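Input: a single structure, listed below in structure tokens.
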């Protein structure tokens with residue numbers, strides 16, 4: 011018997027993966043959580059029926075949400091991640107030699123537990139001495155900090171359920187206050203093919219708050235449409251002004267100095283969304 | 011009743027699209043041909059169970075297989091396409107002001123017929139006076155021409171069935187001879203995530219024949235993994251040496267001067283395939 015997991019990515023399109031086993035399913039306080047083994051992408055974490063991360067392609071998302079900002083900021087010592095309970099962004103952050111502390115604020119402790127148990131390749135850095143893991147509401151945490159972080163990454167789920175507030179202008183204003191005077195934020199902002207309105211709205215909101223706002227792209231096979239966007243708000247540093255020789259050297263599978271620049275080369279239909 | 015079209019893109023992963031109707035199915039001399047209406051991507055052409063093109067995302071593939079070479083060559087007067095019976099590459103080629111003649115050599119006349127009937131937005135240029143449409147074997151056509159074309163685009167189906175010979179080193183040598191002394195070839199070369207071996211092999215083969223060989227990428231939602239590669243072999247001109255101000259201006263939805271450069275910024279795991 012062949013077993014396939016099918017995710018409806020929109021009402022009208024889906025991805026379907028052959029699976030070998032379902033390792034874990036759970037209804038947490040916040041969402042439905044599942045861990046399954048797929049043949050194409052390896053082990054996969056699914057929240058509320060949406061693929062969050064897989065062993066085979068997680069490197070793209072986790073490197074790209076992290077290293078662009080880490081290499082734009084000249085001294086990214088104090089970095090935080092909202093969401094991202096799988097630990098992948100944290101794993102990338104502590105690769106950067108300048109980072110002294112990385113704080114993870116995840117609202118759903120069960121995501122952290124499941125990731126540590128079933129996805130150790132991704133969650134491996136959560137016990138690092140530089141890492142502070144907090145099971146808290148990210149919106150509340152941000153509101154309680156001022157002039158504190160160098161970089162804040164919004165590593166959220168899709169803008170439904172617990173993550174809706176992470177796509178709001180009020181939240182971006184709160185992030186602005188929680189950042190130091192030269193701080194940078196990056197948020198994952200969905201697919202240019204399927205979420206055009208969301209990208210336009212978020213870019214406009216962040217542009218109204220931060221002096222420098224930039225959108226960049228990466229290719230992630232298990233995410234809807236395969237093309238994903240990230241929106242950066244920066245108080246001082248422009249990611250396009252970074253010199254190639256200033257990009258820190260550490261092992262990555264997707265990110266490099268050429269990708270740092272190339273990811274900002276937007277196709278016309280994407281650039282149109284930002285006008 | 012909901013109807014869904016599911017394509018197994020590999021043995022272990024597929025894309026599934028809600029459809030409203032099947033407009034046409036046919037067994038041609040060379041392959042199974044279908045035209046269906048999908049809700050997410052609009053009308054879709056399917057050959058041997060593989061999505062070839064859709065109304066909503068065809069612009070990416072057709073612009074990117076064409077304009078990178080057209081803007082690398084300073085005088086692309088005589089351009090040919092092997093395969094590409096839907097006419098999308100031809101439509102893009104004749105946008106370039108320098109092109110005097112565009113030749114389409116498609117082995118399966120039924121693809122041209124179905125595209126003209128069901129996909130007029132894509133096939134619209136096939137009756138242009140600059141365009142010469144030939145229902146012939148592309149391999150034979152190339153073998154019969156020498157020092158003739160400025161640009162040859164290999165707009166093939168997947169490397170199974172009738173297209174196998176279009177991925178062979180002998181064919182690339184034949185293309186080299188059919189090109190003028192400063193000619194350029196571009197071939198579609200599948201997904202870096204799913205077809206790593208093919209990309210490595212083709213890049214090595216083309217590098218052994220052409221002095222300049224470059225791989226570039228584009229994001230195409232309906233193609234396996236969503237990330238697609240194109241391999242360019244060039245006798246004289248380097249696509250990375252093109253000056254932004256020399257890129258011809260005409261309407262496109264994906265390609266632009268920034269994308270021309272950014273598409274060559276290869277993630278590490280892709281660059282590794284070319285070593």
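Chains as they are written, first to last, in my numbering: chain A, 11 to 285; chain B, 11 to 285.
Where is the CB? At the ideal position from N, CA and C, for every residue including glycine.
Computed from a prediction, not measured in an experiment: that's the story for all the values here.
| Check | Outcome |
| --- | --- |
| Distance CB(residue 160/A)-CB(residue 119/A) smaller than 7 angstroms | no |
| Sequence ranges, beta strand (DSSP E) only - wholly within the segment 135-197 of chain B, length at least 3 | 141-145, 159-165 |
| Within chain B, partners of residue 269/A - CB distance below 7 angstroms | 275, 277 |
| Test item: CB-CB of residue 60/B and residue 168/B under 7 angstroms | yes |
| Within 7 angstroms, strictly: CB atoms of residue 234/A and residue 184/A | no |
| Neighbour flag for residue 226/A against chain B, beta carbons, 7 angstroms | no |
| Cut-off 6 angstroms between Cβ atoms - residues of its own chain near residue 62/A, not counting five sequence neighbours on either side | 55 |
| Near the ligand GDP: residue 116/B beta-carbon under 6 angstroms from a heavy atom | This structure simply doesn't include the ligand GDP, nor any ligand for that matter. |
| Boundaries (first-last residue) of the beta strand (DSSP E) holding residue 208/B | It is not in any beta strand (DSSP E) - residue 208/B instead sits in the alpha helix (DSSP H) that spans 206-217. |
| CA-to-CA distance, residue 218/B to residue 40/B, given in whole angstroms | 31 angstroms |
| Neighbour flag for residue 203/A against chain B, beta carbons, 7 angstroms | yes |
| Sub-7 angstroms separation of residue 263/B and residue 279/A beta-carbons | yes |
| Cross-chain neighbours of residue 272/B in chain A, by beta carbon under 8 angstroms | 271, 272, 273, 274, 275 |
| Where the segment 209-239 of chain B meets chain A: residues whose CB sits under 7 angstroms from a CB there | 229, 231, 235, 236, 237 |
| 6 angstroms CB neighbourhood of residue 49/B in its chain, flanking five on each side removed | 28 |
| Nearest-angstrom Cα separation, counted from residue 285/A out to residue 139/A | 43 angstroms |
| Test: residue 49/B CB closer than 7 angstroms to a CB of chain C | You won't find chain C in this structure, because its protein chains are A and B. |
| Selected residue, minimal CA-CA separation from residue 258/B, among 141/B, 222/B, 102/B | 102/B |
| Under 8 angstroms from the C-beta of residue 22/B: neighbouring residues of chain A | 27, 28, 48, 49, 50 |
| Contacting residues, own chain, Cβ-Cβ under 6 angstroms from residue 211/B (five flanking each side not counted) | none |
| CA nearest to the CA of residue 141/A, picked from 104/A, 170/A, 208/A | 104/A |
| Under 8 angstroms (Cβ pairs) to chain B, residues found in the segment 255-269 of chain A | 262, 263, 264, 265, 266, 268, 269 |
| Neighbour-count burial assignment, residue 171/A, 16 or more Cβ in a 10 Å radius | exposed |
| Contacts around residue 121/A, its chain only, beta-carbon distance under 6 angstroms, and the 5 residues preceding and following it disregarded | 95 |
| Rounded C-alpha distance that separates residue 283/A from residue 180/B | 44 angstroms |
| In DSSP terms, what residue 248/B is bridged to | DSSP, once it has assigned bridges, lists no residue as partnering residue 248/B. |
| Neighbour-count burial assignment, residue 226/B, 16 or more Cβ in a 10 Å radius | buried |
| Closer than 8 angstroms at the beta carbon, the chain B residues around residue 16/A | 26 |
| Nearest-angstrom Cα separation, counted from residue 268/A out to residue 252/A | 11 angstroms |
| Boundaries (first-last residue) of the alpha helix (DSSP H) holding residue 278/B | 278-283 |
| Burial state of residue 207/B (16 or more Cβ within 10 Å) | exposed |
| 8 angstroms contact criterion, which residue 275/B and residue 246/A should meet: CB distance rounded | Not a contact, Cβ separation roughly 25 angstroms. |
| Alpha-carbon to alpha-carbon, residue 228/B and residue 70/B | 7 angstroms |
| Residue range of the alpha helix (DSSP H) that includes residue 126/A | 119-128 |
| DSSP state of residue 49/B mapped onto helix, strand, coil | coil |
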